[in-house]
Amino acid sequence: STEQDVHLLNVPAAKMGAFADNIEHFFDWLHDNGHAYQHADFVPRRLFGEYLRECLRSAYEVREKNIHLNIYDDEAIDIAFDDGKAQIILNSGDILYAEKVVLAFGNFLPPQPSVDDLDFTRSPNYHRDPWSPLALDSIDRVSRVLIIGTGLSMVDVTMQLHKQKHQGEINAISTRGMLPAVHKLGFTYPPFDHELAGSRRITDILKVVRRHAENAGSVGSDWRAVIDSLRPVTQRLWLELPLSEKKYFMQHLSRYWNVARHRMPPTAAAIIDELRGTGQLRILKGRLRNIALEDEGHFEVTYATIGVEDRIEADVIVNCIGSESRFDRLDSPLIQNMIAAGCIRTDDLRFGLDATPDGELLNRFGEAKGILFTLGTALKGILWESTAIPEIRVQARDLAQRLVA
Numbered sequence: 002s003t004e005q006d007v008h009l010l011n012v013p014a015a016k017m018g019a020f021a022d023n024i025e026h027f028f029d030w031l032h033d034n035g036h037a038y039q040h041a042d043f044v045p046r047r048l049f050g051e052y053l054r055e056c057l058r059s060a061y062e063v064r065e066k067n068i069h070l071n072i073y074d075d076e077a078i079d080i081a082f083d084d085g086k087a088q089i090i091l092n093s094g095d096i097l098y099a100e101k102v103v104l105a106f107g108n109f110l111p112p113q114p115s116v117d118d119l120d121f122t123r124s125p126n127y128h129r130d131p132w133s134p135l136a137l138d139s140i141d142r143v144s145r146v147l148i149i150g151t152g153l154s155m156v157d158v159t160m161q162l163h164k165q166k167h168q169g170e171i172n173a174i175s176t177r178g179m180l181p182a183v184h185k186l187g188f189t190y191p192p193f194d195h196e197l198a199g200s201r202r203i204t205d206i207l208k209v210v211r212r213h214a215e216n217a218g219s220v221g222s223d224w225r226a227v228i229d230s231l232r233p234v235t236q237r238l239w240l241e242l243p244l245s246e247k248k249y250f251m252q253h254l255s256r257y258w259n260v261a262r263h264r265m266p267p268t269a270a271a272i273i274d275e276l277r278g279t280g281q282l283r284i285l286k287g288r289l290r291n292i293a294l295e296d297e298g299h300f301e302v303t304y305a306t307i308g309v310e311d312r313i314e315a316d317v318i319v320n321c322i323g324s325e326s327r328f329d330r331l332d333s334p335l336i337q338n339m340i341a342a343g344c345i346r347t348d349d350l351r352f353g354l355d356a357t358p359d360g361e362l363l364n365r366f367g368e369a370k371g372i373l374f375t376l377g378t379a380l381k382g383i384l385w386e387s388t389a390i391p392e393i394r395v396q397a398r399d400l401a402q403r404l405v406a
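Using the numbering used here, you'd call the opening residue of the sequence shown number 2 and step up by one each time.
As structure tokens, then:
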């Protein structure tokens, strides 16, 4: 997690509680600990990290006597099975034994940019991990920075550069060159999922959503509230779609959905607008063709827009593509060994792991053995909406209840 106060949660504080039955738990914790924020404030993610650590400590203190928590500073590299139980092999050589195993991965490093020659990645001025504690601190204030990706991670990196009083030019590039929309709070919109019942075509769903978004203003609401009103039913709609429609959405519409759905706080948007207004920040639209590491140490980047190539130079590159979702490409001994052994497999979209909607992992034959489970980002392909606190806290509660039943 980030320790920078400029890195804000992208959800108001009152909606960030860790518990499904008390969504204001985080907000109450803020006030109990002397942080005078309002319900609609976007607070530093650092505080949310402190909150989660305290939740874990509190849960351990009030645990039943027969519950023990052991935390190992080690890496799981493989899992073997014997007589319906799991043996988790650690990098140190130790082995843990379990009847149930939850793969709770979180986010991974971004994939490398889609260019043929990756020789540039050996440069110390290429930062694959935008969250590395010292990555951005080491950037010279007059360096020319290229950010690959224009989503929320790019916003965070730009905010930190601004805080560090960076003076050099900042370019951010993505295929569509679209920034996240800006939160606009205080609006609600009535549910309309009954109009989507039985819809098995993305285009039919899109027509209904677009009509409501266009009409939102006339009823005193806002298009963002329309998108938010879909949140409780998004997983159900996704599960009902045929695979072909999911693939169509992923290829043609997912970028637009992400822009509308994953929004940035107004304070961040104001700084982005300021930097764009001065010309220090440019948002570029195009596909990367080549990134060359020149003898002088800088990068020459070639990108194309509608077939027309252009070039820019950069002293520093920061990868903000987003967490790798292709589990078959992950640099993880555990994942690669489990896939090779056939005890897990990627989903049909290759956007996570194959599992039942409630998180029970499937093996290479599509069978659930009742031993391996997951939640969160690994279920993106199965549930689509599975990366944010409102969904993960429900998954965590339901999975915990199942495991102790």
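C-beta atoms are modelled at their ideal positions from N, C-alpha and C, and glycine is treated no differently.
Note that the coordinates shown come from a computational prediction; the quantities given were computed from them, not determined experimentally.
To which residues does DSSP link M265 through a beta bridge?
V183
Check whether the Cβ atoms of L110 and R123 lie closer than 8 Å to each other.
no
Using CA atoms only, rank isn't needed, just tell me which of T357, F49 and G371 is closest to E25.
F49
Give the single residue among L197, M265 and V210 whose Cα lies nearest to the Cα of L186.
Across the set L197, M265 and V210, the C-alpha of M265 shows the shortest separation from the C-alpha of L186.
May I ask you to list the residues that DSSP assigns as paired with T303?
N291 and R312
For R351, report the span of its alpha helix (DSSP H) as first-last.
Where R351 is concerned, there is no enclosing alpha helix (DSSP H), given that its DSSP letter is neither H nor E.
Nearest to A15 by CA position, among G35, A21, Q39 and K208, is which residue?
Q39
Rounded to whole angstroms, what is the Cα-Cα separation between L231 and L294?
45 Å
Between L162, R177 and V146, which has its C-alpha nearest G152's C-alpha?
R177
Measure how close the beta-carbons of G150 and I322 come, nearest whole angstrom, since I'm counting them as under 8 Å.
5 Å
Using 8 Å as the threshold, is the C-beta distance between V7 and K164 below it?
yes
Determine the direct distance from the alpha carbon of T159 to that of F43, and round the result to whole angstroms.
Between the C-alpha atoms of F43 and T159 there is a straight-line separation of about 17 Å.
On the three-state DSSP scale, how would you describe Y98?
When DSSP states are grouped into helix, strand and coil, Y98 belongs to the strand group.
DSSP three-state call for G371: helix, strand or coil?
strand
At the level of alpha carbons, what is the spacing between A105 and A341?
20 Å
Between the CA atoms of T388 and G377 - distance to the nearest angstrom:
The alpha-carbon atoms of G377 and T388 are separated by roughly 5 Å.
Tell me the DSSP bridge mates of A87?
According to DSSP, which records beta bridges pairwise, A87 is partnered with F82 and A99.
Can you list, in chain order, the residues of its chain with a C-beta nearer than 7 Å to that of P267? Leave out the 5 residues immediately preceding and following it.
V183 and H184
Can you tell me the Cα-Cα spacing of L119 and F188, whole angstroms?
L119 and F188: Cα-Cα distance of roughly 46 Å.
With a threshold of 6 Å on Cβ separation, who are the neighbours of L373 within its own chain once the five nearest residues in sequence on each side are excluded?
V102 and L362
Compute the distance between the beta-carbons of D311 and H299, then report whether it is under 8 Å.
no
In terms of alpha-carbon separation, which member of G308, P358, Y304 and H195 lies closest to L240?
Answer by Cα proximity: P358.
For A41, which residues from the same chain have a beta carbon less than 6 Å from its beta carbon, with the 5 sequence-adjacent residues on both sides left out?
Excluding sequence neighbours, A41 sits near P13 and L186.
Can you tell me the Cα-Cα spacing of L137 and L57, whole angstroms?
30 Å
Quick one: what's P45 bridged to in DSSP?
BP columns for P45 point to L9.
Beta carbon of I90, beta carbon of A99: below 8 Å?
no
Just list the residues that DSSP pairs E361 with in beta bridges.
F374
Looking at C-alpha atoms only, which residue of N67, N92 and K66 is the closest neighbour of A77?
N92
Once you ignore the five residues that flank R351 on each side, which residues in its own chain have a CB closer than 6 Å to its CB?
Taking C-beta separations shorter than 6 Å and ignoring five residues to either side along the sequence, the partners of R351 in its chain run R327, following chain order.
State the start and end residues of the unbroken beta strand (DSSP E) segment that holds S175.
Per DSSP, S175 belongs to the beta strand (DSSP E) from I171 to S175.
Alpha carbon to alpha carbon, what distance is there between R54 and A87?
28 Å
When we look at the beta-carbon of H213 and count the other beta-carbons within 10 Å, is it buried (16 or more) or exposed?
buried
Name the residue from F28, D95 and A379 whose alpha carbon lies nearest to the alpha carbon of L10.
F28
Report back the beta-carbon spacing between E383 and D332 to the nearest angstrom; my notes put them in contact at under 8 Å.
First, the amino acid is wrong: residue 383 is Ile here, not Glu. I383 to D332, Cβ: 23 Å. No contact.
Measure from the alpha carbon of D296 to the alpha carbon of each residue in V405, I273, F121 and L285, then state which is nearest.
Here the closest residue by C-alpha is F121.
Quick one: measure Cβ to Cβ for D79 and N338, integer angstroms, because I've assumed they're closer than 8 Å.
4 Å
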